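*Asks:* Got a structure here, written out as structure tokens. Questions coming.
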Amino acid sequence: MRSVRGTKDLYDQDLDCFRYICNQAQELAKLYGFKEIQTPIMEYTDVFLKPLGEDSDIVGKEMYTFPDRGGESITLRPEGTAPVMRSLLTSGLIHQLPQKRFTYGPFFRYERPQKGRQRQFHQISVEYVGEKSYQADVELLSFAYDLLKKINVHDFTLHLNTLGDSESRKKFREHLVDYLTQFKNDLSEDSQRRLAKNPLRILDSKNENDQKICSSAPQLKDFLTEESKIFFENICRSLTQLNIPFVENPSLVRGLDYYCHTVFEFKSTALGAQDTLLGGGRYDGLIKLMGGADIPSVGFGCGLERLMLACQAPQESLSEIKIILCPESEDQKMMCLKIAQTIRTSGIACEIIHTGPLPKRIQLAENMQAHFFCFVGSAEQDTQEFMFKVLKPVMHLYDLSLFSQKLSIESFLKYARSQKVDV
């Protein structure tokens, strides 16, 4: 018995961290006015073919595609933007613009499993649909920046570039192809294939020789229309005014074909070679490509597995405070059940270790990562006051000397609530 290659079970601290990131993202989305949307993990394959490009690596090498029993071609979603756009189109929400939506859940790509990259992975996607102003791009970048700060990711850098409008890219593509054709035989196999189909992707090659060739290639910024220049300059100026640091990266093109104007990635040294934490950009032509109207949009996606590697989540906020009750004998077991009910009603986790020698029960409580151990004997039953032995410090409970004396259950809960314990 074994798990499928490229999948990973989540439990204990990993699952706590996963939920912590999701919760922080949900809270931030509300502050920015983004409403949640959930789409199925499977779509008709056509949903992805045009948006991603039939010649893209995702479509050609990575998608999990299969015929269902009715003969329809079905694909497990490899990314989040196209399904959200499909949902907006089929539900009619596309006629109620602007739409600010976010989603999270599992996605699937057949790739070589490596650090922070699995074949089943989880992603947060944020989409701002129906706003052509550069300010929408700035708002998305601010959201992404705040998210990484909120989950305590350190040492990250925002890389920013512009692909310009279609006119800019057409001019640049012609000059880029002319330049790269001189070195066609020296390019990697993937880049030779891309030269005819999507030469801009060669700029993003990880092959060292490709990078050397591209270092002297024409730069897209030299072919931008005046409108595209102003659009990008407004974004850069706004980020500076918001104190969001960034670097301009002319080789940044992103992996999907539907991007235009703004493209960006947040990179971190915590991830090694796979250094991108979060990426996105503007995709004004995507909805039209999918059969809708010509509607401007911008968005980003971030893989939760990568965020889990880079974030420093506070332990006390990852799991509830936990109290372990230990009845002395059969006479105290019902009392423990009633106490546990009271504690749980207040929002604090509570378990009972019913049997076993006291030292072993304390050891078991420590192994269960409990914060407090409470012995309930005949004396405690008579006085209704209890000693809460501290097994694991809690971040918000500063005055631990309080627990050197017996307390009523009500006093303990009142103190915990007054300290705004994260439970």
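Just so we're aligned, residue -17 is where the sequence shown starts under my numbering, counting upward by one. Each residue gets a CB set at the ideal place from its N, CA and C atoms; glycine is no exception. These figures come from a predicted structure and were not determined experimentally.
(1) What residue ranges within the stretch 207 to 284 form continuous beta strand (DSSP E) runs of no fewer than 3 residues, ordered along the chain?
(2) Going by C-alpha distance, which of Thr47, Glu230 and Glu93 is nearest Ser55?
(3) Would you mind listing the alpha helix (DSSP H) stretches within the stretch 146 to 189 that are 4+ residues and don't spill past its ends, in chain order?
(4) With C-beta atoms as the reference, is Ile277 less than 9 angstroms away from Gly98?
(5) Which residues in the same chain as Thr(-11) place their Cβ atom closer than 7 angstroms to its Cβ, once the five residues preceding and following it in sequence are excluded?
(6) Are Cys293 and Gly261 close, meaning C-beta to C-beta below 9 angstroms?
(7) What is the rounded straight-line gap between the Cα of Ala331 and the Cα of Phe394?
(8) Does the distance from the CB of Glu215 to the CB of Leu234 come in under 9 angstroms?
(9) I'd like to know whether the C-beta atoms of Phe89 and Arg68 end up nearer to each other than 9 angstroms.
(10) Provide the residue span of the beta strand (DSSP E) that contains Leu65, from first to last.
(11) If you measure between the beta carbons of Asn189 and Leu158, is that distance less than 9 angstroms?
(12) Alpha carbon to alpha carbon, how far is Leu122 from Gln6?
(13) Out of curiosity, what's the CA-to-CA distance linking Lys166 and Asp147?
(14) Could you say if the stretch 202 to 218 and the stretch 137 to 147 meet the contact criterion of at least three C-beta pairs nearer than 8 angstroms?
(15) With a CB to CB cut of under 6 angstroms and the five nearest residues on each side skipped, what residues in its chain are close to Leu221?
(16) Assign Tyr2 to buried or exposed, taking buried as 16 or more other Cβ atoms, counted over all protein chains shown, within 10 Å of its Cβ.
(17) What is the DSSP secondary structure of Pro33, counted as helix, strand or coil?
(18) When the Cα of Lys374 is compared with those of Ala275, Ala352 and Gln323, which residue comes out closest?
(19) Do you know how far the Cα of Glu93 is from the Cα of Asp37?
(20) How long is the line joining the alpha carbons of Phe368 and Phe355, rounded to whole angstroms?
(21) Could you check what DSSP says for Pro375 in three-state terms: helix, strand or coil?
(22) From Leu224, Tyr240 and Val245, pick the residue whose C-alpha is nearest to that of Asn231; which is it?
(23) Taking all protein chains shown into account, decide if Gln78 is buried (16 or more other Cβ within 10 angstroms of its Cβ) or exposed.
(24) Report, in whole angstroms, the separation of the C-beta atoms of Val108 and Gly267, which I expect to be a contact under 8 angstroms.
(25) Using CA coordinates, which residue listed in Val358, Lys32, Leu(-8) and Phe84 is at the minimum distance from Leu319?
(26) Of all the options Gly87, Tyr265, Thr251 and Cys196, which has the alpha carbon lying nearest to the alpha carbon of Tyr241?
(27) Do you know how far the Cα of Pro33 is from the Cα of Ile212?
(28) Drop a sphere of 10 angstroms on the beta-carbon of Tyr26, count the other beta-carbons inside from all chains shown, and report buried for 16 or more, exposed for fewer.
(29) Which two residues bound the contiguous beta strand (DSSP E) that contains Val108?
(30) With 16 other CB atoms within 10 Å as the buried threshold, where does Gln387 fall?
(31) Locate the alpha helix (DSSP H) running through Glu287, then write down its first and last residues.
(32) Determine the burial state of Pro181: buried for a count of at least 16 other Cβ atoms within 10 Å of its Cβ, exposed for fewer.
(33) If you follow the beta strand (DSSP E) that Ile56 is part of, which residue opens it and which one closes it?
*Replies:* On the basis of the coordinates in this document:
(1) 242 to 250 and 258 to 264, all fully within the stretch 207 to 284.
(2) Ser55 has its Cα closest to that of Thr47, out of Thr47, Glu230 and Glu93.
(3) DSSP runs (the alpha helix (DSSP H)) wholly in the stretch 146 to 189: 148 to 163 and 171 to 179.
(4) Contact check for Ile277 against Gly98 fails: the beta carbons are separated by 9 angstroms or more.
(5) Contacts found: Gln100, Arg101 and Gln102.
(6) No. Outside cutoff.
(7) Each residue's Cα considered, the two are about 14 angstroms apart.
(8) One thing to note: Glu215 has its Cβ no nearer than 9 angstroms to the Cβ of Leu234.
(9) It is not a contact, given that the beta carbons lie outside the stated cut-off.
(10) It is worth fixing the name first, because residue 65 is Pro in this sequence and not Leu. Here Pro65 belongs to no beta strand (DSSP E); instead the alpha helix (DSSP H) covers Thr63 to Ser73.
(11) Against a cut-off of 9 angstroms, the Cβ pair of Leu158 and Asn189 comes out as no contact.
(12) The alpha-carbon atoms of Leu122 and Gln6 are separated by roughly 16 angstroms.
(13) Going from the Cα of Lys166 to the Cα of Asp147 covers about 27 angstroms.
(14) Three or more Cβ pairs closer than 8 angstroms define a contact, and the stretch 202 to 218 meets that threshold against the stretch 137 to 147.
(15) Result list for Leu221: Phe228, in chain order.
(16) Tyr2 counts as buried, since no fewer than 16 other beta carbons sit within 10 angstroms of its beta carbon.
(17) Pro33 falls in the helix class under three-state DSSP.
(18) Closest by alpha carbon: Ala352.
(19) Using only the alpha carbons, I get a separation of about 17 angstroms.
(20) Answer to the nearest angstrom: the Cα atoms are 10 angstroms apart.
(21) When DSSP states are grouped into helix, strand and coil, Pro375 belongs to the coil group.
(22) The residue with the shortest Cα to Cα distance from Asn231 is Val245.
(23) Under this definition Gln78 is an exposed residue.
(24) In this structure Val108 is not in contact with Gly267, their Cβ atoms being roughly 19 angstroms apart against a cut-off of 8 angstroms.
(25) Selected option, being the one with the closest Cα: Val358.
(26) With distances taken between Cα atoms, Tyr241 lies closest to Tyr265.
(27) Distance between the alpha carbons of Ile212 and Pro33: 27 angstroms.
(28) Under this definition Tyr26 is an exposed residue.
(29) Val108 -> beta strand (DSSP E) spans Gln102 to Val111.
(30) Counting other Cβ atoms within 10 Å of its Cβ, Gln387 stays below 16 and is therefore classed as exposed.
(31) Start and end: Leu286 to Ala292.
(32) It is buried - the Cβ of Pro181 has at least 16 other Cβ atoms within 10 Å.
(33) Per DSSP, Ile56 belongs to the beta strand (DSSP E) from Ser55 to Leu58.
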